[in-house]
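> Take a look at this one; I'll ask things after.
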Amino acid sequence: MRKIKIEHSLALLNDGSIPLNEVAYRCGFADHAHFTRTFKAVTGYLPKQFRKI
Numbered sequence: 657m658r659k660i661k662i663e664h665s666l667a668l669l670n671d672g673s674i675p676l677n678e679v680a681y682r683c684g685f686a687d688h689a690h691f692t693r694t695f696k697a698v699t700g701y702l703p704k705q706f707r708k709i
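In C-alpha cells form, the structure reads like this:
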C-alpha cells in the first residue's frame, strides 16, 4: 500500500502547482511529516528535492 501511495505522489509532484501538504493529503497520509519520512524511505529523496529534479 505504501508503494502505491508513493507512486501516486510522484505523479502529483510532477505538477509543481500542487503544494506538498496537498499531495500528502491526496495520497492518504495523515500529515506532511509522515509523508516526507515515507517518501524519503522509499525514493531516497525528500519530496521537495524530487520536485526539483
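Residue numbers are given in the numbering used here: position 2 of the sequence shown equals residue 658, and the series is strictly consecutive.
Built from N, CA and C at the ideal position, the CB exists for glycine as well.
Measuring straight from C-alpha to C-alpha, what distance separates T694 and R658?
For this step, residue 694 is matched to residue 38 along the sequence shown. For this step, residue 658 is matched to residue 2 along the sequence shown. Their Cα atoms are separated by approximately 8 angstroms.
> Measure from the alpha carbon of R707 to the alpha carbon of each residue in G672, V698, A697, N677, then state which is nearest.
Taking the first residue of the sequence shown as position 1, residue 707 is located at position 51. When only C-alpha atoms are compared, the closest one is G672.
> In or out: P675 buried (at least 16 other Cβ within 10 Å) or exposed?
Here residue 675 is taken as the residue at index 19 of the sequence shown, counted from 1. Result: exposed.
> Closest to G684 by C-alpha separation, out of S665, K696, V698, T699, would be which residue?
Residue 684 sits at position 28 when you count from the first residue of the sequence shown. Among S665, K696, V698, T699, the Cα nearest to that of G684 is on S665.
> By Cβ distance below 6 angstroms, which residues in the same chain neighbour N677 in space, the five residues on each side in sequence not counted?
Here residue 677 refers to the residue found at position 21 when the sequence shown is read from its first residue. Here the set comprises H688.
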